[in-house]
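Below is one structure, written out as structure tokens, with a few remarks after it.
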Amino acid sequence: MQYVYSSKPNFTPREAAGEQAHAAGPPENDREKEDKMKSYDIALFPGDGTGPEVLREGVKVLEAACARYDIRLNYENFGFGGEHYMKTGETLPDSAIEDLKQHDAIYLGAIGHPDVKPGILEVGILLKARFALDQYINLRPVKLYPNVETPLKDKGPDEIDFVIIRENTGGIYTGVGGAAMVGTEHETATQVMTYTRPVVERCVRYAYDYARKRNRKKLLTLVHKCNVLTHVGDLWVRTHEEVGNADYPDIKQDYNHVDACTMWMVKSPEFYDVIVTANLFGDIITDLGAMIQGGMGIAAGGNINPEGVSMFEPIGGSAPKYTGRNVINPFAAIAAGGMMMETLGENEVAAAIDKAIYDALASGKIKSLSAGRMGMGTTEVGDFVASLI
Ligand code: IPM
Ligand code: MN
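Residue numbers (this note's numbering): 440 to 828.
Pasting the structure below:
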């Protein structure tokens, strides 16, 4: 079923893929082959600002990589975002959640509009999707590619290469709390950091599995603040230890307080392999991670439900001031597409995309990762990466 929330899709994937796609469908003799091809249904959320521009390049690279491995992606465009909200008052309705459950993954550009009060779209779209689809993992790799500038002195790609696994639906984001006597001198408010053993345990297990699969240092560092948050911190510390001792003897365990972690991420990022942490701490340290890997232009994230429908996005926002100028950096969106394929189990496609990103940056032809200073336009970067697949 085709949802028509936006009056007209911002682009069609076939258009985005340009010459790599068959404009009028496959010729007769390709039909049989296409029927046997493995395929995935992808919900596209171009969203606001520069979202559609970066997603278009992401789709372009995905099409190039999937074509090589005989995989077909079917797309459906979802027009939610600031414009749709201003027209209709609707953020992300329950009916759309039901429709999203029928897809294999969600590929998102950006959500955020300068004319919409902060909080409405974040809560109504991003957090709603995370909660309603139980995307309980937020996977954010921190990887410095060659020729990418990092603000960290004397650190390079060998030192900056780790993964942060942020718990994505619990903790302080649950919204438990309230306010009383608002506006009086005794105004009081609470926002509760709530965690249950199952919610902590499923996240910690995902992180151990990830460290095992990644097969590097085989080190899982828990980041929390157990010296002060004695109740919730203790739950995380014991779960990390018990699960690790029982089922992951091959993975080394470590623990950092979150404040110390920010210090080590700057001073000795090479120390880390996989970090697992609670929702709010993960929100904060992944922005730091994005900066040390070269900024928002390259930072990708996945909101993952390992048993359900996951959502992949460039971490940077909608960048209204760069909208429509063909200057925004699409690398983060391209990397998010690779992460989507990896999560779908298509490791070869994911590796091909990662290698193309690596080769594009290693070539030295991209002058900077900042918007407007790349030395080429958004679409040219997409073409260049796709040509390296
Ligand atoms: C992020 C963002 C979101 C968060 C906001 C926009 C709700 O900062 O994805 O990191 O806090 O999780
Ligand atoms: Mn954040």
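The C-beta atom is built at its ideal place from N, Cα and C for all residues, glycine as well.
- One residue list follows from the rule of a beta carbon closer than 6 Å to any heavy atom of the ligand IPM, given in chain order as GLU561, LEU565, LEU566, ASP722.
- In its chain, beyond the 5 residues on either side, GLY672, HIS696, VAL697, ASP698, PHE720 have a beta carbon closer than 8 Å to the beta carbon of LYS664.
- Counting of Cβ neighbours within 10 angstroms places ALA825 among the buried residues, the total reaching 16 or more.
- Here LYS582 is bridged, per DSSP, to ASP600.
- Assigned with DSSP and collapsed to three states, THR627 falls in strand.
- The residues ALA618, in chain order, have a CB closer than 6 Å to that of ALA628 in the same chain once the five nearest residues on each side in sequence are set aside.
- The continuous beta strand (DSSP E) containing GLY740 extends over residues 739-743.
- Listed in chain order, the non-local C-beta contacts of GLU640 below 7 Å within the same chain comprise THR678, VAL682, local neighbours out to five positions each way being set aside.
- Per DSSP, PRO485 is one residue of the beta strand (DSSP E) stretching across 477-486.
- In the structure shown, PHE823 falls within a helical segment according to DSSP collapsed to helix, strand and coil.
- Only residues of its own chain outside the window of five on either side were considered, and among them ALA791, ILE828 have a CB closer than 7 Å to the CB of ARG507, listed in chain order.
- For ASN516, the enclosing beta strand (DSSP E) stretches over residues 510-516.
- For HIS663, the secondary structure class from DSSP, reduced to helix, strand or coil, is strand.
- Under the rule that a run must span 3 or more residues, the beta strand (DSSP E) segments found entirely inside the region 511-581 read 544-549.
- Here GLY520 has GLY486, ASP487, ILE550 as same chain residues with Cβ atoms under 6 Å from its own Cβ, once five neighbours each way along the sequence are excluded.
- Contact annotation: PRO759 and ALA771 have beta-carbon atoms that are not nearer than 7 Å.
- Counting C-beta pairs with one atom in each stretch, the region 702-716 and the region 643-658 have three or more that are closer than 8 Å, which means they touch.
- A residue is called buried once 16 or more other Cβ atoms fall within 10 Å of its Cβ, and PRO585, having fewer, is exposed.
- GLU752 is bridged by DSSP to GLY740.
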